[in-house]
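>
Chains as they are written, first to last, in our numbering: chain A, 88 to 285; chain B, 88 to 285.
1) Run down chain A in chain order and give the residues with a C-beta less than 9 Å from the C-beta of residue 192 of chain B.
2) What is the DSSP secondary structure of residue 225 of chain A, counted as helix, strand or coil?
3) Strictly below 7 Å CB to CB, what residues from chain A border residue 239 of chain B?
4) One question on the structure: do residue 161 of chain A and residue 279 of chain A come within less than 9 Å of each other, judged by their Cβ atoms?
5) Could you give the first and the last residue of the continuous beta strand (DSSP E) run that contains residue 113 of chain A?
6) When DSSP builds the beta bridges, which residues end up paired with residue 94 of chain B?
7) Is the closest heavy atom of the ligand NAP to the C-beta of residue 164 of chain B under 8 Å?
8) Taking any Cβ of chain B, which residues in the stretch 160-173 of chain A have a Cβ under 9 Å from it, in chain order?
9) Could you tell me the alpha carbon to alpha carbon distance between residue 203 of chain B and residue 187 of chain B, rounded to whole angstroms?
10) Do you know how far the Cα of residue 151 of chain B is from the Cα of residue 169 of chain A?
11) Any contact between the stretch 228-235 of chain B and the stretch 206-217 of chain A? By contact I mean 3 or more CB pairs, one from each, below 8 Å.
12) Can you tell me the Cα-Cα spacing of residue 242 of chain B and residue 145 of chain A, whole angstroms?
13) Is residue 285 of chain B helix, strand or coil when you go by DSSP?
14) Which first and last residues belong to the beta strand (DSSP E) in which residue 189 of chain B is found?
15) Identify the contact partners of residue 184 of chain A in chain B, using a Cβ-Cβ distance below 8 Å as the criterion.
16) Checking the sheet assignment: what are the DSSP bridge partners for residue 267 of chain B?
17) Under a Cβ-count criterion, where at least 16 other Cβ atoms within 10 Å of its own Cβ denotes burial, should residue 253 of chain B be classed as buried or exposed?
18) Residue 202 of chain B touches chain A at which residues, Cβ-Cβ below 7 Å?
19) For the putative contact between residue 113 of chain A and residue 100 of chain A, defined by C-beta atoms under 8 Å, what is the C-beta separation to the nearest angstrom?
20) In chain order, which continuous runs of the alpha helix (DSSP H) of length 4 or greater are located wholly inside the stretch 135-173 of chain A?
21) How is residue 110 of chain A classed by DSSP in three states: helix, strand or coil?
22) With distance defined between alpha-carbon atoms, name the residue in B/239, B/274, B/273 and B/271 nearest to residue 264 of chain B.
23) Could you check whether the Cβ of residue 209 of chain B sits closer than 9 Å to any Cβ belonging to chain A?
24) Quick one: grab the DSSP three-state call for residue 102 of chain B.
25) Measuring straight from C-alpha to C-alpha, what distance separates residue 59 of chain B and residue 97 of chain B?
26) Could you tell me which of A/141, A/123 and A/135 sits nearest to residue 164 of chain A, measuring between CA atoms?
27) From the DSSP output, in three-state form, read off residue 254 of chain B for me.
28) For residue 212 of chain B, go through chain A and note every residue whose CB falls closer than 9 Å to its CB, in chain order.
29) Does the contact criterion of 3 or more C-beta pairs under 8 Å hold for the stretch 213-221 of chain B versus the stretch 183-199 of chain B?
30) Looking at chain B, which residues of the stretch 256-280 of chain A have a Cβ within less than 9 Å of any of its Cβ atoms?
31) Please tell me whether residue 255 of chain A and residue 244 of chain A are closer than 9 Å, where the distance is taken between their beta carbons.
32) Interface residues of chain B around residue 178 of chain A at Cβ under 7 Å?
33) Quick one, are the C-beta atoms of residue 93 of chain B and residue 131 of chain B less than 9 Å apart?
34) In chain order, what residues of the same chain have a beta carbon less than 6 Å from the beta carbon of residue 108 of chain A, not counting five sequence neighbours either side?
This is the structure in structure tokens:
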């Protein structure tokens with residue numbers, strides 16, 4: 088059996104629903120994860136693109152997790168100049184964005200019409216606009232280079248992508264990438280540790 | 088010398104600035120183009136993705152250009168399942184869209200704040216919103232599958248892309264595709280006819 092490789096998304100340590108399985112805070116969650124990583128050292132590798140690592144470390148107390156975090160999480164950017172994306176995936180992305188852009192304009196027009204009728208509540212209307220606009224244009228789509236790097240790195244390494252992000256997982260599926268739901272990741276690590284201890 | 092191949096965008100026949108070189112109306116422009124295509128038959132091939140062809144034929148009187156338009160313009164969809172896109176091109180697209188989406192929200196918020204102050208001119212504000220939103224999210228970007236098909240088809244055929252669309256030409260450059268400005272296309276055809284008549 089070859090080395091098992093995982094590429095880790097922020098959601099494991101930052102998304103409160105997912106993180107709760109590992110710990111009450113991002114720092115606690117990271118410490119729990121690193122205990123598994125230590126036990127699996129030499130058998131399982133854990134990777135993060137540097138952008139994702141930086142995002143997570145904004146929430147984690149570095150003092151408490153160093154140097155284990157350096158040892159057990161391998162930071163590697165994907166090789167964006169060699170990896171290729173099937174054209175139909177980009178084709179679908181462009182179609183998806185086109186629809187979302189149209190929807191974003193409808194959301195904006197609705198907010199303008201509401202604010203004319205209800206001039207007292209402009210701040211509330213703008214808050215709703217932001218929420219609906221974000222929903223129309225961001226939710227369920229790969230909308231940042233950090234997310235895209237996760238997918239590319241998993242592809243490059245033929246690794247298993249661990250995420251709870253719908254947009255990321257949808258793309259991963261299109262590109263034929265192995266993935267596991269971040270919500271099941273702790274149980275999976277538990278199982279791996281058991282298997283390797285036998 | 089092998090067969091010269093061109094992939095043609097709508098702008099040649101529809102964009103008024105570009106079209107004027109070929110004729111006063113889309114139908115006239117198409118007839119002028121087809122006269123060149125006839126002279127170059129067997130030496131130069133002209134392609135269009137079917138989506139682009141349909142777009143153009145909305146503006147052209149089919150009766151007046153048939154069957155030459157069928158003979159001299161080869162309709163071919165790109166093979167989206169075999170062509171691959173370098174990851175860094177998609178990476179840049181995602182970054183570009185991210186910035187544009189943020190800008191679109193700022194445009195929308197501005198429109199809401201304006202409409203509260205100026206409740207009488209809501210239609211004007213919405214018109215301005217549409218204009219600015221389109222500018223933020225559409226201009227200079229490949230934002231439709233029709234545009235993307237032009238790029239893919241040119242790549243697949245190793246053809247010269249003829250367009251006046253900044254978004255299309257920017258992507259073409261990133262993907263290493265040959266292109267000519269649609270505004271220079273008539274002169275280029277003229278030259279080709281001369282060369283082949285010698």
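Each residue gets a CB set at the ideal place from its N, CA and C atoms; glycine is no exception.
Remember, predicted model here, so these are calculated numbers, not experimental data.
Concretely, from the data shown:
1) Result: 191, 195, 216, 217, 220, 221 and 224.
2) Here residue 225 of chain A carries a coil assignment [DSSP, helix/strand/coil].
3) Near residue 239 of chain B (Cβ distances below 7 Å), the residues of chain A are 174.
4) Taking 9 Å as the cut-off, the Cβ atoms of residue 161 of chain A and residue 279 of chain A do not count as close.
5) Element bounds for residue 113 of chain A: not the beta strand (DSSP E) but the alpha helix (DSSP H), 113-126.
6) Note: residue 94 of chain B sits in a beta bridge opposite B/134 and B/248.
7) Only the bare structure without any ligand can be found here, which leaves the ligand NAP out of the picture.
8) Going along the stretch 160-173 of chain A in chain order, one finds 165, 166, 167, 168, 169, 170, 171, 172 and 173 with a Cβ nearer than 9 Å to chain B.
9) The alpha-carbon atoms of residue 203 of chain B and residue 187 of chain B are separated by roughly 25 Å.
10) C-alpha separation (whole angstroms): 48 Å.
11) Note that the stretch 228-235 of chain B does not touch the stretch 206-217 of chain A; fewer than 3 beta-carbon pairs, one per stretch, sit closer than 8 Å.
12) Cα atoms of residue 242 of chain B and residue 145 of chain A: separation of roughly 42 Å, rounded to the nearest angstrom.
13) Three-state result, residue 285 of chain B: coil.
14) Per DSSP, residue 189 of chain B lies in no beta strand (DSSP E); the unbroken alpha helix (DSSP H) holding it starts and ends at 174-204.
15) In chain order: 184 and 230.
16) Among the bridge pairs identified by DSSP, residue 267 of chain B is matched with B/249.
17) Flag for residue 253 of chain B reads exposed.
18) Listed along the chain, the chain A residues whose CB falls inside 7 Å of the CB of residue 202 of chain B are 199, 202 and 203.
19) Correct: roughly 5 Å between the Cβ atoms.
20) Segments of the alpha helix (DSSP H) lying fully in the stretch 135-173 of chain A: 137-144, 149-152 and 155-159.
21) Residue 110 of chain A carries a coil assignment under DSSP once its states are collapsed to helix, strand and coil.
22) Closest by alpha carbon: B/239.
23) It does; some Cβ of chain A falls within 9 Å.
24) Three-state DSSP puts residue 102 of chain B in coil, outside helix and strand.
25) Missing from the structure shown is residue 59 of chain B; chain B here goes from 88 to 285 and no further.
26) When the alpha-carbon of residue 164 of chain A is set against those of A/141, A/123 and A/135, the nearest one is in A/135.
27) In the structure shown, residue 254 of chain B sits in a helix (DSSP, three-state: H, G or I).
28) Against residue 212 of chain B, the close residues of chain A are 199 and 203, in the order they occur along the chain (beta-carbon pairs closer than 9 Å).
29) Judged by Cβ distances under 8 Å, the stretch 213-221 of chain B makes contact with the stretch 183-199 of chain B, as three or more pairs qualify.
30) Per Cβ criterion, the list is empty.
31) No. Outside cutoff.
32) Correct list: 167, 232 and 235.
33) Closer than 9 Å, so yes.
34) These residues qualify, in order along the chain: 273.
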